[in-house]
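Heads up: the sequence shown begins at 0 in numbering that gives the first Met the number 0, then just goes up one per residue. For each residue, glycine too, the CB sits at the ideal point set by N, CA and C. Given the structure is predicted, the values throughout are model-derived calculations rather than measurements. Here is the structure we will look at, set down as structure tokens.
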Amino acid sequence: MAVITVEMVAAAEAEVTAAERARTEAEAALMEAPNSTLKAQELAGLLKRVAQARANAEELRQAHAAQVAAERAAASREELEKVAAKDIAAAGKELKAARGRLEEAAEAAQRALVELMRQADAYDGLVERHAEVLAGQGLDLAGESGGGSSFGGATVKARGAVYESAGSGAVLGCLAHRVAEARLPYPNTMVGVLEFNCGRLVPEGRADGLLSGLPAVERVKFPEAPLLRRAL
């Protein structure tokens, strides 16, 4: 970035003064010879010169003022940072440690979610295999034991106990919704998306009650929003 000096501003202002003086002289000359085309052209040229000189000088003045203000702000900020040196150091130390803990937790959660989906896929594989075996032996879902498959997945009954396909994505959505619903303020877009748009597993809507025995997620209590008063 070019440095604007006081001398550069002074030179631009001197150019304005010189251009205005020349314009005044050209105006006087045209007054003496009002029919002179040459003098009229000279005056027109000088009027343009004055306008350009003024614009240049104003631009330099503004740039120099901004430059001075920035230099003063930088000096003031340096002093402020010296005063706040202890707080700056504390912020850097504590936030670095907190970020490390957050990233460790995120890594652990990521590993746990991968294992969750792996187990969901394994469960579904077993349900499908046993459903096929039992159905192949002539045992459908009409009795206490049997197997069957449909567009929604496979189902197995083993002496009255029901096992249904889950879908790893649906299991993931179920867990994400439970945590989000308990830990985020209401209303929240993420909770709504997980509840209505992601095809999550809903334990209450299943015959086998899969995941219905999970312990409740520790909830965060948020301040209640004030009730709106009706206008009388």
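Next item on the list: Output the distance between the C-alpha atoms of Lys159 and Ala96, rounded to the nearest integer angstrom.
Entry: At residue 159 the sequence reads Gly, which differs from the Lys that was named. Going by the C-alpha atoms only, they are around 53 angstroms apart.
Notebook entry, point to check: Considering Ser75, what are the terminal residues of the alpha helix (DSSP H) in which it resides?
Noted result: Element bounds for Ser75: Thr36 to Val82.
Notebook entry, point to check: When DSSP labels each residue in this structure, what does Val161 get in the three-state scheme?
Noted result: Val161: strand per DSSP, three-state reduction.
Margin query: On the criterion of 16 or more Cβ atoms from any shown chain inside 10 Å, does Arg199 qualify as buried, or is it exposed?
Written below: Its Cβ being crowded by 16 or more others within 10 Å, Arg199 is buried.
Next item on the list: Please report how far the alpha carbon of Ile3 lies from the alpha carbon of Ala73, in whole angstroms.
Entry: Their backbone Cα atoms lie some 17 angstroms apart in a straight line.
Next item on the list: With DSSP as the reference, please indicate the residues paired to Gly168 in a beta bridge.
Entry: DSSP links Gly168 through a beta bridge to no other residue.
Checklist line | Beta-carbon spacing of Thr154, Gly146 below 8 angstroms | finding: Contact flag set, yes.
Checklist line | Touching by the beta-carbon criterion (3+ pairs, under 8 angstroms), the stretch 70 to 88 and the stretch 40 to 52 | finding: Contact fails: fewer than three Cβ-Cβ distances are below 8 angstroms.
Notebook entry, point to check: Can we say the stretch 171 to 185 touches the stretch 111 to 122, given the rule of at least three CB pairs closer than 8 angstroms?
Noted result: Cβ pair count under 8 angstroms is three or more, so yes.
Margin query: Excluding the 5 residues flanking Glu14 on each side, which residues of the same chain have their C-beta closer than 6 angstroms to its C-beta?
Written below: So the list reads Ala52, once near-sequence residues are dropped.
Check: Do Glu163 and Val126 have their CB atoms nearer than 8 angstroms?
Finding: Cβ distance < 8 angstroms, so Glu163 and Val126 count as in contact.
Check: Would a C-beta distance cut-off of 8 angstroms place Ala21 and Leu45 closer than the cut-off?
Finding: Taking 8 angstroms as the Cβ cut-off, Ala21 and Leu45 qualify as a contacting pair.
Check: Are Ala175 and Val216 touching if we call contact CB-CB under 8 angstroms?
Finding: Between Ala175 and Val216, the C-beta gap is not smaller than 8 angstroms, which leaves the two residues out of contact.
Check: So, helix, strand or coil for Ala215, using DSSP?
Finding: Correct three-state label for Ala215: coil.
Notebook entry, point to check: Which whole-angstrom value is the C-beta distance of Ser149 and Ala119, which I expect to be below 8 angstroms?
Noted result: By a beta-carbon distance limit of 8 angstroms, Ser149 does not contact Ala119. Their separation comes to about 19 angstroms.
Item checked: Helix, strand or coil at Gln153 according to DSSP, with G and I counted as helix -> The sequence shown places Ala at residue 153, not Gln. Under the three-state reduction of DSSP, Ala153 is assigned to strand.
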